[in-house]
Amino acid sequence: MKIFAERLIELRKERGLSQATVAKDLNVSLGIICYWETNKSDPTAGNIAKVARYFNVSADYLLGLERND
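Counting from 1, position 60 in the sequence shown corresponds to residue 60 in our numbering; the numbering is continuous, with no gaps.
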């Protein structure tokens, strides 16, 4: 899910958040955030939903199914 990785990095950096902060806020490990951002691991559907709620975007946006203009 390369697009998920790209969008996660973009959203995190736009908001000035560290990987550690996002990991803590989402109640996942820092390693998981790193794996998602480097496209080494795909998030579960539940984690996609958590990330979408956290950044106030749709899951479709995170998955590259819609743009966020």
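Quick reminder that beta carbons are idealized off the backbone N, C-alpha and C, glycines included.
Secondary structure of residue i, DSSP reduced to three states
i	result
D42	coil
R53	helix
R12	helix
N47	helix
L17	coil
R67	coil
V22	helix
Whole-angstrom distance between residue j and residue i, CA atom to CA atom
i	j	result
S58	S18	21 Å
N56	S41	22 Å
Buried or exposed by the 16-neighbour rule on C-beta atoms within 10 Å, applied to residue i
i	result
R12	buried
L8	buried
I3	exposed
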